[in-house]
Every structure is written in structure tokens, then in C-alpha cells.
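Here's the structure we're looking at; comments come further down.
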Amino acid sequence: MTKEIDGFISDLPKGCITETDIYTDRGVLLCPKMTIMDSKMLEALSQYKGRIHVIVSYTQPETTDETPEEDKSVTFEDSFKKYAEESLTSIFNNVDDVDSLTSGAKEIGEEVFSIIDDSKDLFINLSKLKVSDEYTYKHSVDVGTMAAVLAKALGESKDFVHDVTISGLLHDVGKEKIPAEVINKPARLTPEEFDIIKTHPVHGYRLLSESKDITEDMRQGILNHHENVDGTGYPRGLLGDRIGKMGQILSIVDVYDALVTKRSYKEAKTPGQAIEIMFTMSNKFNMDYFKSFLSVINAFPNGSEVLLSSGEKAIVMRQNKSYPLRPVIKLVNTGQIVNLASDPAFLSTVIMNFVNTI
Ligand SMILES: [Fe+2]
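Note that numbering that gives the first Met the number 0 has the sequence shown beginning at 0, numbered continuously upward.
This is how it looks when you write it as C-alpha cells:
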């Protein structure tokens with residue numbers, strides 16, 4: 000709709016587009032036509048206190064009493080998290096008993112798989128998923144879960160989703176063969192120490208080569224979970240498709256999980272920061288898989304209260320698939336619904352942090 004304004008800058012609706020030039024009362028051009036009146040522009044023009052005459056177009060702000068859409072994220076009961084932690088602790092403490100290692104991983108994997116297999120339109124709620132904040136084998140449950148959701152979103156078969164869950168649970172099992180003083184070093188690793196760490200995918204592959212429960216594809220996924228499609232990964236520096244589907248899926252979710260996990264020498268990134276960092280390294284990932292990953296994760300789940308860079312507070316209403324950092328929100332003060340992925344008046348607005356998570 001359009002509106003003729005004969006008044007002051009303060010009468011311009013936020014987000015409108017000027018259809019005519021705006022002049023000061025002395026005839027000086029203040030603002031050309033086709034300018035988007037976002038908060039920055041309105042603030043700059045607010046210096047001018049005289050009268051203006053302009054025609055603007057704008058969409059009626061959508062305001063509503065609607066409540067946030069249901070949050071369809073993978074959730075685990077606290078009892079399951081505790082069981083998964085304890086169970087992984089015991090099986091990883093005795094990795095030389097390959098049969099109990101794989102049967103333990105399968106037991107947890109079946110449970111994760113059944114939750115994911117039963118659900119439709121699943122999202123990974125990045126702020127809620129974590130089973131453990133510690134960077135140990137416990138984080139493997141998060142990796143297995145995210146790998147399963149991503150594989151399902153990619154349309155993979157049930158068998159594949161099942162197998163990638165278990166590969167995710169076991170992906171770092173080779174770390175048990177690395178000296179504890181290197182694994183647990185409370186500081187950055189030297190290049191020599193890092194070379195030792197880089198052998199863990201090979202140790203994992205070898206450990207599991209004796210297991211009849213683990214297929215060669217699953218072992219390859221574990222061997223290749225640190226490979227990058229641009230050839231910069233390890234242990235073999237494989238390129239593109241040579242990494243295989245499971246390795247490519249695990250590498251995306253493992254990088255994400257490493258970024259949001261606290262280490263003794265670095266703070267954990269927030270989900271939003273982690274996604275931004277992953278955008279800068281997207282040449283290392285299978286692009287189609289990375290896009291799918293972005294479509295199944297949400298950094299700010301429905302119902303959570305967030306703080307915007309403008310200082311306003313908002314409630315997250317629903318997700319925009321593929322734009323995990325830019326959901327549809329409702330401004331707390333005005334009740335206005337804003338789609339952060341498409342509203343021109345909010346292009347420069349970002350979500351800074353949570354006020355309250357659900
Ligand atoms: Fe690893």
C-alpha cells in the first residue's frame with residue numbers, strides 16, 4: 000500500500016520505501032526516491048526537524064496474537080542422556096573388547112535411531128541437544144544424532160541412517176589409542192602432538208576391523224571423518240567423492256560439535272558463531288550436504304526470547320529453512336511479526352543472544 004505523508008520524518012513508517020524524493024523546506028534534497036527507511040536511515044534523517052512531503056509504499060506490519068510454532072527438535076530425556084553418558088564411559092574404557100564396544104554403541108545407537116526414524120520434519124535444536132559439554136567421547140552422542148538427522152534429511156535409506164548413527168557414536172574411538180597426556184593436554188598442541196592426534200581415525204578403523212557388526216562403509220566413515228572435500232583434511236588428504244557419504248556427513252557435524260564444545264584452552268562458540276565460522280570454511284564440506292545441514296538446524300528455537308542488535312527483544316515464532324540464524328520473530332514491544340530472512344527494514348538486524356531459552 001502507499002501513503003502520502005505531509006508531516007515530519009518521525010511520521011515515516013519503519014521499513015517503508017520512498018516513492019518520491021524528499022526535500023527540506025528550503026528545497027534541498029534530503030533523500031532520493033526508492034530509499035528503504037530502515038532504522039539506520041531513519042536515525043540519520045531524524046536530525047532534520049522541519050516538514051516533509053513524500054509518498055511512501057510499505058507492507059502493513061503483520062501483527063498477531065499467534066503463539067510460536069511447535070518446536071520439532073530432537074529431544075532426549077535426561078534419563079537417556081545419563082544412560083548414554085554412563086554407557087559410553089564404560090564401553091570406551093575398554094576398547095580392546097571390540098564385541099562389547101560395538102554392542103554397547105549399537106544399543107545406544109538403536110535408541111537414537113528410533114527417535115529420529117519416528118519423527119517427521121525434525122530439527123536439531125542446537126541450544127538444547129548437547130548431552131555433554133565436555134570434549135570427550137560423550138560428545139559422540141551429539142555427533143551420532145546430528146549425523147542421523149542430516150542423513151534422513153538427505154533422503155538416505157533407513158539402513159544408512161541407522162549405520163551413520165553408530166559410526167557417529169564410534170567416530171573418535173581411536174582416541175583411546177592416543178597417549179592420555181596428548182589427548183588431555185590443557186593447552187594448544189604442538190605440531191608434533193597434533194601429528195599424533197591425526198592418527199586417531201586410523202586407530203579407530205583398525206580397532207573396528209575385527210568387528211562383524213561394523214560394515215566397511217561405517218569403518219570408512221570413521222576413517223574419513225576429518226577429511227575435507229578440498230583435500231586439506233587428514234589422515235589421507237582425500238578429495239571430494241573419494242571421502243564417501245558417511246565421512247562427508249560426519250565431518251560436517253563433527254566440525255560443528257567441536258566449535259560449540261568448550262576445551263581447556265578455548266571457550267565454546269555459541270551455535271550462531273559456530274554457523275558463521277562454518278560458512279567461512281564451506282569449501283571444505285560437500286556443499287549439498289552443508290546446505291541440508293543448515294536446513295535442519297536451528298540456532299534459536301521456536302518460543303525462545305532473543306535480544307536483537309537494535310536493542311529490541313523478540314520471541315522466535317517459526318524457522319526459515321536454510322537460514323538458521325534468521326527465523327521469523329515477534330517484537331515484544333509492538334507485537335509486530337518480522338521475517339528476518341526477507342524483511343528489508345531488518346536486513347542489518349541480527350540476533351545477538353538469548354534472553355530466555357525454552
Ligand atoms: Fe575425530
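Note that CB positions come from ideal geometry on N, CA and C, so glycine has one too.
Owing to the predicted nature of the structure, the values given are computational and were not obtained by experimental measurement.
Distance between beta carbons of residue 17 and residue 33, contact taken as under 8 Å: Position 34 of the sequence shown, counting from 1, holds the residue named residue 33. Position 18 of the sequence shown, counting from 1, holds the residue named residue 17. With a Cβ gap of about 7 Å, residue 33 and residue 17 count as contacting.
Between the CA atoms of residue 242 and residue 40 - distance to the nearest angstrom: Position 41 of the sequence shown, counting from 1, holds the residue named residue 40. Position 243 of the sequence shown, counting from 1, holds the residue named residue 242. Cα to Cα, residue 40 sits roughly 49 Å from residue 242.
Proximity of residue 254 and residue 238 at Cβ, strictly below 9 Å: Translated into the one-based positions of the sequence shown, residue 254 becomes position 255. Translated into the one-based positions of the sequence shown, residue 238 becomes position 239. Against a cut-off of 9 Å, the Cβ pair of residue 238 and residue 254 comes out as no contact.
CB of residue 297 within 9 Å of CB of residue 326, strictly: On the sequence shown, position 298 is the one that residue 297 refers to. On the sequence shown, position 327 is the one that residue 326 refers to. Taking 9 Å as the Cβ cut-off, residue 297 and residue 326 qualify as a contacting pair.
First through last residue of the beta strand (DSSP E) which encompasses residue 55: If you number the sequence shown from 1, residue 55 lands on position 56. Element bounds for residue 55: 51 to 56.
Counterpart residues of residue 5 in DSSP-defined beta bridges: Reading the sequence shown from its first residue, position 6 is the one you call residue 5. Answer by DSSP bridge pairing, in chain order: 52.
Residue 178 CB to nearest heavy atom of ligand 1 below 8 Å: Within the sequence shown, residue 178 is the residue found at index 179, counting from 1. No.
Residue nearest to residue 313 in terms of C-alpha spacing, selected from 320, 273 and 334: Locating residue 313 in the sequence shown gives position 314, where the first residue counts as 1. Residue 334 is the option with its Cα nearest to residue 313.
Nearest-angstrom Cα separation, counted from residue 48 out to residue 11: On the sequence shown, position 12 is the one that residue 11 refers to. On the sequence shown, position 49 is the one that residue 48 refers to. Near 13 Å, if we compare the C-alpha coordinates of residue 48 and residue 11.
C-beta contact flag for residue 207 and residue 169 at 9 Å: Looking up residue 207 in the sequence shown gives position 208. Looking up residue 169 in the sequence shown gives position 170. Contact flag set, yes.
Boundaries (first-last residue) of the alpha helix (DSSP H) holding residue 273: Working through the sequence shown from its first residue, we reach residue 273 at position 274. 270 to 279 is the extent of the alpha helix (DSSP H) around residue 273.
The region 158 to 168 contacting the region 99 to 115, beta-carbon criterion three pairs below 8 Å: Between the region 158 to 168 and the region 99 to 115 there are three or more inter-stretch CB-CB distances shorter than 8 Å, so the stretches are counted as touching.
Bridge partners - residue 350, DSSP secondary structure assignment: In the sequence shown, counting from the first residue as 1, residue 350 sits at position 351. In DSSP, residue 350 forms a bridge with 307.
Reduced DSSP category for residue 143 - H, G, I as helix; E, B as strand; rest coil: Along the sequence shown, one-based indexing puts residue 143 at 144. Residue 143 falls in the helix class under three-state DSSP.
Distance cut-off 8 Å: residue 174 Cβ against heavy atoms of ligand 1: Within the sequence shown, numbered from 1, the residue matching residue 174 stands at position 175. Yes, the beta carbon of residue 174 sits closer than 8 Å to at least one heavy atom of ligand 1.
C-alpha gap between residue 200 and residue 233, whole angstroms: Working through the sequence shown from its first residue, we reach residue 200 at position 201. Working through the sequence shown from its first residue, we reach residue 233 at position 234. So the alpha carbons of these two residues sit roughly 9 Å apart.
Alpha-carbon spacing of residue 144 relative to residue 75, whole angstroms: On the sequence shown, residue 144 is found 145 positions in, with the first residue counted as 1. On the sequence shown, residue 75 is found 76 positions in, with the first residue counted as 1. C-alpha separation (whole angstroms): 10 Å.
Residue of 279, 186 and 181 minimising C-alpha distance to residue 192: By one-based count along the sequence shown, residue 192 stands at place 193. Among 279, 186 and 181, the Cα nearest to that of residue 192 belongs to 181.
Inter-stretch contact at 8 Å, needing at least 3 Cβ pairs: the region 150 to 157 / the region 255 to 266: Taking 8 Å as the limit for Cβ pairs, the verdict is that the region 255 to 266 does not touch the region 150 to 157.
Span separating the alpha-carbon of residue 165 from that of residue 345: Reading the sequence shown from its first residue, position 166 is the one you call residue 165. Reading the sequence shown from its first residue, position 346 is the one you call residue 345. C-alpha separation (whole angstroms): 42 Å.
Beta-carbon gap between residue 307 and residue 350 smaller than 9 Å: Position 308 of the sequence shown, counting from 1, holds the residue named residue 307. Position 351 of the sequence shown, counting from 1, holds the residue named residue 350. It is a contact, given that the beta carbons lie within the stated cut-off.
Reduced DSSP secondary structure (H/G/I, E/B, other) of residue 313: The count along the sequence shown starts at 1 and reaches residue 313 at position 314. Correct three-state label for residue 313: strand.
Straight-line gap, residue 299 to residue 68 (C-alpha atoms, nearest Å): The residue labelled residue 299 in the question sits at position 300 within the sequence shown. The residue labelled residue 68 in the question sits at position 69 within the sequence shown. About 13 Å.
Any non-hydrogen atom of ligand 1 within 8 Å of residue 234 CB: The residue labelled residue 234 in the question sits at position 235 within the sequence shown. Every heavy atom of ligand 1 is 8 Å or more from the Cβ of residue 234, so no.
Contact belief for residue 220 with residue 236 at Cβ below 8 Å, rounded distance in angstroms: Residue numbering aside, residue 220 sits at position 221 when the sequence shown is read from its first letter. Residue numbering aside, residue 236 sits at position 237 when the sequence shown is read from its first letter. Here residue 220 is actually not in contact with residue 236; their C-beta atoms are around 17 Å apart, not less than 8 Å.
Residue 218 - DSSP class collapsed to helix/strand/coil: The residue labelled residue 218 in the question sits at position 219 within the sequence shown. Residue 218 falls in the helix class under three-state DSSP.
Residue 37 to residue 222 span [Cα, whole Å]: In the sequence shown, counting from the first residue as 1, residue 37 sits at position 38. In the sequence shown, counting from the first residue as 1, residue 222 sits at position 223. Roughly 50 Å separates the two Cα atoms.
Of the listed residues 29, 301 and 14, nearest to residue 44 (C-alpha basis): Indexing the sequence shown from 1 puts residue 44 at position 45. Selection 29, 301 and 14 evaluated against residue 44 yields 29 as nearest (Cα-Cα).
Residue 228, enclosing beta strand (DSSP E) - first and last residue: Counted from its first residue, the sequence shown places residue 228 at position 229. Residue 228 -> no beta strand (DSSP E), and no H or E assigned at all.
Cβ neighbours of residue 317 in the same chain (closer than 8 Å, five flanking residues each side left out): Position 318 of the sequence shown, counting from 1, holds the residue named residue 317. So the qualifying residues of the chain are 67, 68, 301, 326 and 327.
Paired residues, beta bridge with residue 28 - DSSP: What you label residue 28 is simply residue 29 of the sequence shown in a count that begins at 1. DSSP, once it has assigned bridges, lists 22 as partnering residue 28.
Close-in-space but distant-in-sequence residues of the same chain around residue 322 (CB under 6 Å, 5 per side omitted): The count along the sequence shown starts at 1 and reaches residue 322 at position 323. If we look at residue 322 and ignore the five residues flanking it on each side, its Cβ neighbours are 340.
Distance between residue 177 and residue 132 (C-alpha atoms, nearest Å): Mapped onto the sequence shown, residue 132 falls at position 133. Mapped onto the sequence shown, residue 177 falls at position 178. Below a pLDDT of 50, predicted positions are generally treated as unreliable, and residue 132, at 46, falls in that range; the measurement from the model is reported next regardless. Cα-Cα distance, rounded: 21 Å.
Chain-order list of residues whose beta-carbon lies under 8 Å from that of residue 130 (same chain, five-residue window excluded): Residue 130 sits at position 131 when you count from the first residue of the sequence shown. With a pLDDT of 47 at residue 130, under the threshold of 50, the modelled position of this residue cannot be trusted; read the value that follows with caution. 75, 80, 83, 84, 137, 138, 140 and 141, listed in sequence order.
Neighbourhood of residue 282 by C-beta distance below 6 Å, restricted to the same chain and skipping five residues each side: Within the sequence shown, residue 282 is the residue found at index 283, counting from 1. Closer than 6 Å at Cβ, skipping near neighbours: 229.
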